[in-house]
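Note that the numbering used here has the sequence shown beginning at 13, numbered continuously upward. Ideal placement from N, C-alpha and C gives every residue a C-beta, glycine not left out. Have a look at the structure below before the remarks.
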Amino acid sequence: MSRRLTAILIVALAVSGLASRNGDVAEAVAGNGAVKAVRCLAEARIDLLNGLFDSEPAGVVGADYQRATALPDGRVLWTFQDAAVRTGPDEIDIVHNIAAVQDGACFSILYNGTRSEPRPYFYDAETDPYARWFWPLDAAPGTDGRVYVFVAEMEEQGEEYLEHAVPVATRVVSLDGTTLAPVGKSYAPNRSTALYGWSVTSDASWTYLYAQCHRQFGFDLVNDIPAHDACARRVTVGRVPRGQVMDTPTYWDGARWQSDPARAVSIVDPTGRIAHATQIEWTGASFVAVDKLDDWWGRTITFGRSTSPTGPFVQFAAVPEPLKCSRLECNTFFATWVPTAAASRPENTLGWMISHNRWDGRVTAIYRPSFHTIPLSRFLPAGVVYPVEVPDDDGVPVLNVTAVAPAGPGHVTVFPCDRQVPTASNLNYAAGETVANLVMVRPDANGRVCFVSHADTDLVVDTSGGTAGGFVPLDAPTRIRDTRTGVGGPIGRLLPGQAVEVQLPAGVGPPVLNVTAVAPSGAGHVTAFPCDRDVPTASNLNYAAGETVANLVMVRPDANGRVCFVSHAAIDLVVDLAGRASGVTPIDQPTRIRDTRDGVGGPVRRLAPGEPVAVQVPPVDDGDGNGGADGVPVLNVTAVAPSAAGHVTAFPCDREVPTASNLNYAAGETVANLVMVRPDADGRVCFVSHAAIDLVVDLAGRWNDTFAPLDQPERVVDTRRL
13 MSRRLTAILI VALAVSGLAS RNGDVAEAVA GNGAVKAVRC LAEARIDLLN GLFDSEPAGV
73 VGADYQRATA LPDGRVLWTF QDAAVRTGPD EIDIVHNIAA VQDGACFSIL YNGTRSEPRP
133 YFYDAETDPY ARWFWPLDAA PGTDGRVYVF VAEMEEQGEE YLEHAVPVAT RVVSLDGTTL
193 APVGKSYAPN RSTALYGWSV TSDASWTYLY AQCHRQFGFD LVNDIPAHDA CARRVTVGRV
253 PRGQVMDTPT YWDGARWQSD PARAVSIVDP TGRIAHATQI EWTGASFVAV DKLDDWWGRT
313 ITFGRSTSPT GPFVQFAAVP EPLKCSRLEC NTFFATWVPT AAASRPENTL GWMISHNRWD
373 GRVTAIYRPS FHTIPLSRFL PAGVVYPVEV PDDDGVPVLN VTAVAPAGPG HVTVFPCDRQ
433 VPTASNLNYA AGETVANLVM VRPDANGRVC FVSHADTDLV VDTSGGTAGG FVPLDAPTRI
493 RDTRTGVGGP IGRLLPGQAV EVQLPAGVGP PVLNVTAVAP SGAGHVTAFP CDRDVPTASN
553 LNYAAGETVA NLVMVRPDAN GRVCFVSHAA IDLVVDLAGR ASGVTPIDQP TRIRDTRDGV
613 GGPVRRLAPG EPVAVQVPPV DDGDGNGGAD GVPVLNVTAV APSAAGHVTA FPCDREVPTA
673 SNLNYAAGET VANLVMVRPD ADGRVCFVSH AAIDLVVDLA GRWNDTFAPL DQPERVVDTR
733 RL
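See the structure below:
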């Protein structure tokens, strides 16, 4: 059969909204002679990705079995099994595989040969069109700096193309990590027709190779259409150490990982199915699976989630197939994920894409993927340990951790990833409540901090700086008082106005405490202070009736190593010792430096939404005669009676407003959080609120030069955007 096909209908995408990168000329992948064109979109947004096609002068008008692999340098490798290249006004050539390298919003289109005689990008010399060809499967970066693409070697065993096409082996092509040019090829360690490498994903320790035999054509008939055979109903999995994709895998047999592939069991239920073309991706907290049920012959795309690479995958969504024309004319097949690096998308969504074609095989503009999103609320499942790599150049990072819209009441615990989960909590929340707290915790040797939540939640983590020697964290925070259980004192709730003493372990010095008010009898606040001083007017955490709230507290103990607490309403009190802050000079009587309700530090006036307000921060006298004017202040910031849900951001007044938040609130909810931020040259810290609030700022102390603040806090992770 001729490789030349006639285009019955070509409907080109409008090129308006597309732009060149670097002015009029976009830059191709350096050192790769297979680049036929560079296609630039207005932006890398999921609803614009179809602009990759009609990529003049490369002429790619359609393709199928699209896969996208995020690379360590931020680029994305795209591969396609078959692609249609326009070779003339009325002619299309089908190429058995092509690739594209995405850098930002620009795509370098890769295939061999010429525009008039295009040839495959992978295994060009070995390809005999329509008789023996090579279809790329999934890919993964290797630890050696190369990128490895798994490839199905296909053979036509019937009279016509795709009448009886079967895979005969699994191969691997290795690509240069910079140019993405092929530099090596071999059979896969498991070269069988099971096709290990159909879907590939990696967590922190392992790379998982999922297998599906891709026997689409020429077997048992379904409605007179050639369908898959029995092996296509199964998805099995092997694994190798992360990035060691040329190692021999071990296989999941239902109970353990072992060396015999014949004992591998399906991780999806094959009952009643024709095919499972499942694609599985590790998101950082869970494995998510997308599957066009029965692939060519089904009508539904399902989405599932599991905490294990071997399932079971609990379905969280299902959508009907997105047909481009009548189902009698059009087909959809092979749904897979769009990585975050490839395209922006709305919060709390995952990106996915699916192939389209006509049943009669005519090449039209239908023959190109479509791109979609699916809601995925509460990224972090309850009880799952989520590791996050944090900047630790300046020692122990200072993190603002926010739980967003949890599914139920509970708490988040933060700890070094090389330690067991401690019993202490770092922030507490009610169902649906967005809550933030400051956390200081040592990263493990790999620079990771781990998070675990009691309920499903989304998580936002911002870093505002680091402490180089001025803070000594405890790997396992110690619970030193719990009035519910009798830890550190008798069982019994604090009464309103009653001061309770909490004894610190010997030698702690200025402690860093996580203080939690549990089930308050009414609205109010808790104040912490040295037991040899009077109760100050400042507050450390604020609560509503029945609301469990935590906040980080830094306070000097008295000469006997005691810190006292008093509450406005009856509460249970929980105090966890997180470490000691030798680099902090605490104030015995915290100073209220701004209160918009009564005019302290400025006029009586609520903050309007989006209106920055400057607060003058006085020096802290540490007795050495310099007044502490150069130190970073420790502030307790309170949003009072917000007009709507939102957040407050603190920043130096000589800088732009950062995207990070310091405390989050619901409408009418009074919320406090500890904030550490560098003042500007005039000693001012600015605050901006998302909704109208009254603002209260208390000065609790200052850091010496052991704390290095970031002028622009860095967002480490936002699971709503993963």
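Proximity of the segment 551-559 to the segment 400-415 falls short of the contact definition, fewer than three beta-carbon pairs being nearer than 8 Å. Contact between the segment 65-74 and the segment 42-52 is present, with at least three C-beta pairs closer than 8 Å.
Judged by beta-carbon spacing, aspartate 710 lies within the 8 Å limit of threonine 603, meaning their Cβ atoms are closer than that value. In this structure, lysine 197 keeps its C-beta atom at 8 Å or more from the C-beta atom of tyrosine 123.
The Cβ atoms of arginine 357 and histidine 368 do not sit closer than 8 Å to each other. Using a Cβ-Cβ distance cut-off of 8 Å, the segment 462-482 and the segment 575-586 are not in contact, since fewer than three pairs of beta carbons, one from each stretch, lie closer than that value. Distances from the CA of glutamine 327 to each of Trp309, Ile366, Thr91, Ile386 were compared; the closest alpha carbon is that of Ile386. About 19 Å separates the CB atoms of cysteine 342 and isoleucine 286; that is not less than 8 Å, and the two are not in contact.
When the five nearest sequence neighbours on each side are left out, the beta carbons in the same chain lying within less than 6 Å of the beta carbon of tryptophan 145 are those of His108, Thr139, Met166, in order along the chain. Under the 8 Å Cβ criterion, the segment 610-617 does not count as touching the segment 666-681, having fewer than three qualifying pairs.
With fewer than 16 other beta carbons inside 10 angstroms of its own, asparagine 572 counts as exposed. Between aspartate 430 and aspartate 470 the beta-carbon gap is near 25 Å, outside 8 Å, which marks them as no contact. Scanning its chain for C-beta atoms nearer than 6 Å, with the 5 sequence neighbours on each side dropped, one finds around valine 644 the residues Met688, Arg690, Trp715, Phe719, Pro721, in chain order. If you ignore the 5 residues before and after phenylalanine 663, its C-beta comes within less than 7 Å of the C-beta of Val669, Pro670, Val689, Cys698, all in its own chain and listed in chain order.
Within the same chain, and ignoring the five residues on either side of alanine 75 in sequence, the residues whose Cβ sits closer than 6 Å to its Cβ are Phe92, Ala95.
Per DSSP, the unbroken beta strand (DSSP E) holding phenylalanine 315 starts and ends at 312-318. Listed in chain order, the non-local C-beta contacts of alanine 511 below 6 Å within the same chain comprise Cys576, Val578, local neighbours out to five positions each way being set aside. Less than 8 Å separates the beta-carbon of threonine 155 from that of glutamine 256.
Per DSSP, reduced to three states, the secondary structure at cysteine 665 is coil, with no helix or strand assignment. Going by beta carbons, aspartate 474 and glutamate 726 fall inside the 8 Å limit. Rounded to whole angstroms, serine 533 and alanine 540 show a C-alpha spacing of 19 Å. When rounded, the separation of the alpha-carbon atoms in arginine 568 and glycine 591 is 13 Å. Per DSSP, reduced to three states, the secondary structure at glycine 250 is strand. Distance from the CA of valine 652 to the CA of arginine 609, rounded to the nearest whole angstrom, comes to 9 Å. With a contact defined as Cβ atoms closer than 8 Å, glycine 501 and arginine 493 qualify at about 6 Å.
Collapsing the DSSP output to three states places arginine 245 in a helix. The residues Phe162, Thr182, Arg183, Val184, Tyr208, Gly209, in chain order, have a CB closer than 7 Å to that of alanine 200 in the same chain once the five nearest residues on each side in sequence are set aside. Considered as a whole, the segment 147-200 harbours 159-168, 177-187, 194-199 as its complete beta strand (DSSP E) runs of no fewer than 3 residues, in chain order. Per DSSP, the beta bridge partners of valine 565 are Leu525. Beta-bridge pairing by DSSP links leucine 516 to no other residue.
For phenylalanine 391, there is no enclosing beta strand (DSSP E), since its DSSP letter is neither H nor E. The continuous beta strand (DSSP E) containing valine 709 extends over residues 706-715.
Under the Cβ criterion (8 Å, minimum of three pairs), the segment 580-587 counts as touching the segment 515-530. Note on geometry: alpha-carbon atoms of glycine 519 and alanine 593 lie some 12 Å from one another.
Per DSSP, serine 338 is not a residue of any beta strand (DSSP E), being assigned neither H nor E. Per the coordinates, the alpha-carbon of phenylalanine 315 lies some 12 Å from the alpha-carbon of histidine 288.
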